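*Asks:*
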Amino acid sequence: MTLDIIPTMELTTGDKCGTKRKKKQNPDGGKKIKPPTAEELNKLRETENLFLSNMFRLQIDEMLKEVKPKQSTLDKIQEWFDKFSIAVLQDIDTTDYKKELLSNINLSEINTPFHLNPQNNTDGTFRFTKPCSVKIVGSHSLGTSILPLIKVDISIVMGKNFFHKKDYADEKYLRKKAFYLQCLAKELMKIPFMIDNDDVQFSFGSQSYYLPSLIVKPIGTLGKKCCFCLRVVPEKDIYNLHKFSPNINNINGQWYFNSSVENYDSKNYSTPYYNSLILQDLVMDESEMLLKEIIEINQNVQDALILLKIWIAQKNLGGIGNITNYILSMYVVYLFKKHKINKFMSSYQIIRNVWLNFGQSNWHNDGITLVDYESKKDNNLKLPLMSDFHSSFPVVFVDSSGYLNLCANVFKSNYIHIKNESNFAVEMLDNSNMNSFPCLFLTKASFLQQFDHLINFNDIKIIKDIVSQHSDKKSKLDLREDLALQFQQIIEPLLLSSLGDRITEMCFNVYQDSVVMGKTQEPFSNFLIGLKLNTQKANSVVERGPIANLPEVAKEFRSFWGEKSQLRRFKDGDVCEAVVWADSKAAISKKRCIIRDIVNYVFLHKLSISSEKFIYIADQAESVLENPFILPVGFDYGTGEAASLCCIDNFNEVGKLIRQLEGLPLTVSSVQGVSSVLRYADVIPPLSRTHVDNKKQRKTKGNCILAPTDEEIKIAPGFVKPIEGVLQFASSGKWPNELNAVKRMITAFYINLAARLQKDCNLTCQPFVNHIDIMKNGFVFRFRIYYPGEVSLLKKELMPDGMIRYRDTEESQYLERSMVQLPTLTSSLHGLSVQYPSYGPTCCLAKRWLRSQLIDNFHFPEMCIELLVASYFLQPEPFKVTCQPTIGFLHFLRKLATTDWFREFIVINFNNDIPKDHISSLECSIASQPKNSSRPAMLLVTPYDLDGSSWTKEGPSFTILARLMHLSRKALDIAEESLLKNGTVENLKQIFRPSLDKYDILIRLRNIMNPLRHMAVDAKMAKIYSLEPPEDKEKIPIVGLNPVQELLNVLRDSYSEHALFFHDTYGGNVIGVVFKPNVFNKVDFKVTNVNGQKLHKSSSNIKQVEFNLDAFIEDIDVHGGFIVKEVEKCNKSLFCNN
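UniProt numbering applies: residue 1 is where the sequence shown begins, and numbers increase by one.
1) Which residue from Asp237, Thr271, Trp255, Ile238 puts its Cα closest to that of Ile248?
2) Using only CA atoms, which one of Ile630, Pro394, Ala618, Ser1056 lies nearest to Met1021?
3) Would DSSP call Lys23 helix, strand or coil?
4) Between which residues of its own chain and Glu790 is the CB-CB distance below 6 Å, once the five residues before and five after are set aside?
5) Mapping the DSSP letters down to three states, classify Leu964 as helix, strand or coil.
6) Look at the Cβ atom of Gln486, then the Cβ atom of Ser475, and state whether they are nearer than 7 Å.
7) In the DSSP assignment, find the unbroken beta strand (DSSP E) run with Ala707 in it and report its ends.
8) Where do the ends of the alpha helix (DSSP H) carrying Thr324 lie?
9) Please look up how many angstroms separate the CB atoms of Pro876 and Gly673, rounded, as I've assumed it's under 8 Å.
10) For the alpha helix (DSSP H) containing Met745, list its first residue and its last residue.
11) Considering just the uninterrupted stretch of the alpha helix (DSSP H) at Leu822, what are its terminal residues?
12) Name, in chain order, the residues that DSSP records as bridge partners for Glu543.
13) Any idea if Arg21 is buried or exposed, counting beta-carbon neighbours within 10 angstroms, 16 or more meaning buried?
14) From Asn362, Glu62, Pro113, pick the residue whose C-alpha is nearest to that of Glu394; which is it?
15) What are the partner residues of Cys227, as DSSP defines its beta bridges?
16) Could you pull the start and end residues of the beta strand (DSSP E) that Ser133 belongs to?
17) The beta strand (DSSP E) that contains Gln201, what's its start and end?
18) Expressed to the nearest angstrom, what Euclidean distance is found between the alpha-carbon atoms of Lys714 and Val1050?
19) Give the DSSP-derived three-state secondary structure of Val985 in the structure shown.
20) Helix, strand or coil for Leu604 per DSSP?
21) Out of Asn650, Lys590, Val602, Ile594, which has the shortest C-alpha to C-alpha gap to Glu622?
22) For Gln620 and Gly983, which I take to be in contact (beta-carbon distance under 8 Å), what is that distance rounded to the nearest angstrom?
23) Under DSSP, the alpha helix (DSSP H) around Ala642 begins and ends at which residues?
24) Any idea what DSSP makes of Met1021, helix, strand or coil?
25) Which word fits Glu543, buried or exposed, when buried means at least 16 other C-beta atoms lie within 10 angstroms of its C-beta?
26) Tell me which residues share the same chain as residue 1146 and place their Cβ nearer than 6 Å to its Cβ, disregarding the 5 neighbours each side in the sequence.
27) Less than 7 Å between C-beta atoms, sequence neighbours within five positions excluded: which residues of the same chain meet that for Leu147?
28) Under a three-way DSSP split, which group does Arg1004 fall into?
29) Any idea what DSSP makes of Gln280, helix, strand or coil?
30) Buried or exposed: which applies to Gln536, given that a residue is buried once 16 or more other Cβ atoms fall within 10 Å of its Cβ?
31) Ser676: which of Ser828, Arg744, Ile615 sits nearest, CA to CA?
32) Consider the Cβ of Ile150: report whether some Cβ of chain B lies at a distance smaller than 7 Å.
33) So Glu447 and Asn316 are supposed to be a Cβ contact under 8 Å. How far apart are they, rounded?
34) Going residue by residue through the UniProt domain "Nrap protein" (836–994), where are the continuous alpha helix (DSSP H) segments of at least 4 residues, counting only ones entirely within it?
35) So within the stretch 352–417, which uninterrupted alpha helix (DSSP H) runs reach at least 4 residues, ignoring any that extend past its ends?
36) Less than 7 Å separating the beta-carbons of Val200 and Val134?
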């Protein structure tokens, strides 16, 4: 609200003496505040009623200020256009250009950016002449152009002496336009200080392959801010519009197909797509007037169109086959005419209504029109019927002339996708639990990350062969060299009929590169198909067809699926045709890719395309989770989900046995899991197997196998990871009030519990002071007992005056985190995994990538990774939750790369239990924090940790996060590029191979001393190990022994103040060492400074110490022993004096 200040008037009395009455003192310094205007009151009321957040309107206003060009820039653009107009209309010399037959034009001198097929035109002439006029049209003329690069559309209007009355037929019109732009570019390049001659190119944009525009940039700084798109259009009324009705033919089939080879009558075939290319130019003036009538005079409409343009760009919804900005502008005009929006609405209300109405539209079945039929009746015009348009185009939106379908080049699937995105945008606006503004307008949504599976064709030769063999004559005549539209018309119905309800959405993205002047461009460089899967049916192994007693339908089914079709009896007793794609016991990772199997089969048998001729993007990253060297008992390992499920089932069985025990001093009230495998998030889940080694005799004690001594160990034993859980007993008042007594009581419970399990359940158990280990079906389960009073005893502190106070200690916080928060989080994340089965494998991929960058659990705790991934699955906007772990992994990289960790925090809001007021207060506190704040670098807010710091206090640090932001940004770019260009597993694996250049020291490890060596990214093993089922009464194996991890712990305990240590937990054979910045500085000698130091030799009497690098390297050899293979000195500057 603006506050206008007006001065007060001086008041005098009617007194004879003329004395002035004393003025009252105004607390505002003699100024009055003007009351708010009606407009300001309306804005306040609108903000209160329409916006869920007060910030939304401010964000819109600020963004509009950012993207709108300044007036000085607009003035420079107009100044350049005036010079351009003079140059084109007056200065260009056309005397050197003579009239030539189109069939005689030398294509080596005057080329077109699109292919000419056939090259010869039997009639028609061309001569480069000056245009009648030039004018700015499009978004810039309407005031809706935006930064950072302003695109100014210029129409070059040619007269009737250029376009002849028969030029509309047989491509002559399109070829003459292309020839003219080529000549114009050559002439513009001759004019000094006009355009940047090194950046002249043809662009197809969102137009057809046959409608290129010439892109030129002004020379100097203006060329960095804007570009000009030059298009050739004819004068008004040069052709009658009825010649371009959708049921009219304007291409001679005898000319195009060469009638001497093939007798073909093209009069029976209409050319609606070709007609629409010419109609776009013929109705341009009428459409421009209609747009200016509504948009130019209404600032709110202009702002709404700018917002829609940003939304389209951020959602990556532009390009061939999509709803363009121009179509959206015309749709706004349509809504105005239908009184769905009006001039009194704000920009927010307009875009909301556009999204609402577009989401409810049905243009593929019931098209819309801008035609004013009352005015057309007066002119006695017979316009094409809507049925004519629907029979010619999949999506219909007729312009005001009644002849042009604005959506002629829009793919049906893309229209439905944008329709769904409009509904999704409204859902985000209505979601009070999120700030929808950045999701709608600030977040760039890669096409690759919007879908579950993608199919990429990047070889134009393959597309040409498919179109040549499978496109019908009508399409070939109408579309000719526009292969994108022809291929889409072939592939879309085939995929829809074969995939059916396994997919919910399909969308096409056609990449079309710009082409430099003088060269011919292919119709596209990449043809990408995105598939959004129906999670309920996508993984079904059987495609159920019609009942066998319906012969016609069954025959059609068999003819489509061929040899794959077979008769099967189902559980309901019906005998149906069916197609089986996988065994019901196949790995979950294989079932996730049944869609790929279907696509490969259909492409091969229907289009003769083998899987090597296109790229299928689905599960490339998941190969790093496979365990190819170990064959488990009873199931296919895949990516580990089946192994995790086996662990969960056995954990539940053990928990059930414990709860059913009778005769315990207290009843077990709950058994909760805490291990990551119980959340489906363990990269290497434990496997059921025998731990008996008949070749080696192991020492035992009690029910456990003892670990070998340092002298005995020559090869690391197999790594056995326990599955951990927490036991809680029913409340009782008999617990002691002293901490040590409580600990002894808990140990006594372990002993009692082990005895009862061995006696009643015949399980191998071993009690310890702090836990109990239980062996069942080859798994080792480790349980700890939680007594709530233990936390308060740890917090208890006796003051010198005898008073008792309670405050948090490190031990109490750790106990509360591991015994209260972790079980609750495990339960919530397990539920998330059940709801979204791709959550677990996505977590595993995220962990695998982080650890491959040598960022282990010390630097980035695994719970932080799981919560970070969970934040995407709980609030994925502006995306939708993916069911493919590879795509989920890309989202994790994006989240890691784009979050401003100093100013933002991550909310993991299970069941929306976090109050909005708390989130708001947390936002305010972080916004006001000083730069040297001591808070953790990462805040992960959950309903069980409202401060968000429980899991991030010890890591990651800002330094680690800065490094990871850089790495994840690079990894995301490389991953997307490799998936689109190559799509092989090996090519994607490069992001899992770390760079070792920046480390000061590399500690090379012996491979045989790493128990997880088989899970390394590039692991090579001599043989494949088949696991044997567990035996009865087995001893509990060595649990958790990892020599490499033990070495890391020792090094960190000894030298954490001097250096950072990095290692790949999953099979890494190197430890990277980076010294802290000030470690080599000399410091004064003190008793507290001698750790890792040596006396500095100096002539002065000042005693100083410096870091003892030689002793550090020697300690690595001593501590590492047989584990260390070599210590490599990488930073030569540190060792030049040694």
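Glycine included, every Cβ here is placed at the ideal spot set by N, Cα and C. On a predicted model such as this, the values are computed, not experimentally measured, just so you know.
*Replies:* Taking the structure as given:
1) As a first step, residue 248 must be located in the sequence shown, where it is residue number 248. Ranking the options by Cα distance to Ile248, first place goes to Thr271.
2) Position 1021 of the sequence shown, counted from the start, is the residue given in the question as residue 1021. Comparing Cα positions, the closest option is Ile630.
3) Position 23 of the sequence shown, counting from 1, holds the residue named residue 23. Model confidence at Lys23 stands at a pLDDT of 48, short of 50, so the residue's coordinates are unreliable; what they give is reported in the following sentence. The answer is coil: DSSP assigns Lys23 none of H, G, I, E or B.
4) The residue you call residue 790 lines up with position 790 of the sequence shown. Closer than 6 Å at the Cβ level, and outside the excluded window around Glu790, lie Val742.
5) Taking the sequence shown and counting its residues from 1, one reaches residue 964 at position 964. Leu964: helix per DSSP, three-state reduction.
6) Counted from its first residue, the sequence shown places residue 486 at position 486. Counted from its first residue, the sequence shown places residue 475 at position 475. Closer than 7 Å, so yes.
7) Your numbering for residue 707 matches position 707 in the sequence shown. It is not in any beta strand (DSSP E) - Ala707 carries neither H nor E in the DSSP assignment.
8) By 1-based counting over the sequence shown, the position of residue 324 is 324. Element bounds for Thr324: n/a, residue is neither H nor E.
9) Along the sequence shown, one-based indexing puts residue 876 at 876. Along the sequence shown, one-based indexing puts residue 673 at 673. About 26 Å separates the two Cβ atoms, so there is no contact after all.
10) Here residue 745 is taken as the residue at index 745 of the sequence shown, counted from 1. 739–761 is the extent of the alpha helix (DSSP H) around Met745.
11) Here residue 822 refers to the residue found at position 822 of the sequence shown. Annotation for Leu822: the continuous alpha helix (DSSP H) segment containing it runs 822–835.
12) Numbered from its first residue, the sequence shown carries residue 543 at position 543. Glu543 is bridged to Val579.
13) The count along the sequence shown starts at 1 and reaches residue 21 at position 21. Confidence in Arg21 is poor, its pLDDT being 49 and thus under 50, which makes the residue's placement unreliable; the coordinate value appears in the next sentence. With fewer than 16 other Cβ atoms within 10 Å, it is exposed.
14) Translated into positions along the sequence shown, residue 394 becomes position 394. For the record, residue 394 in the displayed sequence is Pro; it is not Glu. Checked all of Asn362, Glu62, Pro113; the closest Cα to Pro394 is Asn362.
15) Position 227 of the sequence shown holds residue 227. Paired residues: Lys151.
16) Taking the sequence shown and counting its residues from 1, the one referred to as residue 133 is at position 133. Counting along the chain, the beta strand (DSSP E) containing Ser133 begins and ends at 133–137.
17) Indexing the sequence shown from 1 puts residue 201 at position 201. Gln201 -> beta strand (DSSP E) spans 201–203.
18) Stepping through the sequence shown from its first residue, residue 714 is reached at position 714. Stepping through the sequence shown from its first residue, residue 1050 is reached at position 1050. C-alpha separation (whole angstroms): 20 Å.
19) Indexing the sequence shown from 1 puts residue 985 at position 985. Val985: helix per DSSP, three-state reduction.
20) Here residue 604 corresponds to residue number 604 of the sequence shown, with the count starting at 1. Three-state DSSP puts Leu604 in a helix.
21) As a first step, residue 622 must be located in the sequence shown, where it is residue number 622. Of Asn650, Lys590, Val602, Ile594, the residue nearest in Cα terms is Lys590.
22) For the purposes of this step, residue 620 is taken as the residue at position 620 of the sequence shown. For the purposes of this step, residue 983 is taken as the residue at position 983 of the sequence shown. With a contact defined as Cβ atoms closer than 8 Å, Gln620 and Gly983 qualify at about 7 Å.
23) Taking the first residue of the sequence shown as position 1, residue 642 is located at position 642. Looking at the DSSP string, the run of the alpha helix (DSSP H) that includes Ala642 is 641–659.
24) Position 1021 of the sequence shown, counting from 1, holds the residue named residue 1021. Three-state DSSP puts Met1021 in coil, outside helix and strand.
25) Within the sequence shown, the letter at position 543 stands for residue 543. Glu543 is buried by the Cβ-count criterion.
26) The chain is shown from 1 up to 1138; residue 1146 falls before or after that span and cannot be answered.
27) Residue mapping note: residue 147 aligns to position 147 of the sequence shown, counting from 1. Counting only Cβ-Cβ distances below 7 Å, and skipping sequence neighbours, we find Val67, Pro69.
28) Residue numbering aside, residue 1004 sits at position 1004 when the sequence shown is read from its first letter. The answer is strand: DSSP assigns Arg1004 an E or B state.
29) For the purposes of this step, residue 280 is identified with residue 280 of the sequence shown, where counting begins at 1. It is helical.
30) The sequence position of residue 536 within the sequence shown is 536, counting from 1. By the neighbour-count rule (16 or more Cβ atoms within 10 Å), Gln536 is not buried but exposed.
31) One-based indexing of the sequence shown puts residue 676 at position 676. Of Ser828, Arg744, Ile615, the residue nearest in Cα terms is Ser828.
32) Chain labels in this structure do not include chain B; a single protein chain is all it has.
33) Numbered from 1 along the sequence shown, position 447 holds the residue referred to as residue 447. Numbered from 1 along the sequence shown, position 316 holds the residue referred to as residue 316. Note that residue 447 corresponds to Phe in the displayed sequence, not to Glu. Indeed, because the Cβ distance is near 5 Å, the residues count as touching under 8 Å.
34) Fully enclosed alpha helix (DSSP H) runs of 4 or longer: 839–852, 862–874, 885–898, 916–927, 958–981, 985–988.
35) 373–378, 386–392
36) Within the sequence shown, the letter at position 200 stands for residue 200. Within the sequence shown, the letter at position 134 stands for residue 134. No, they are not a contact pair.
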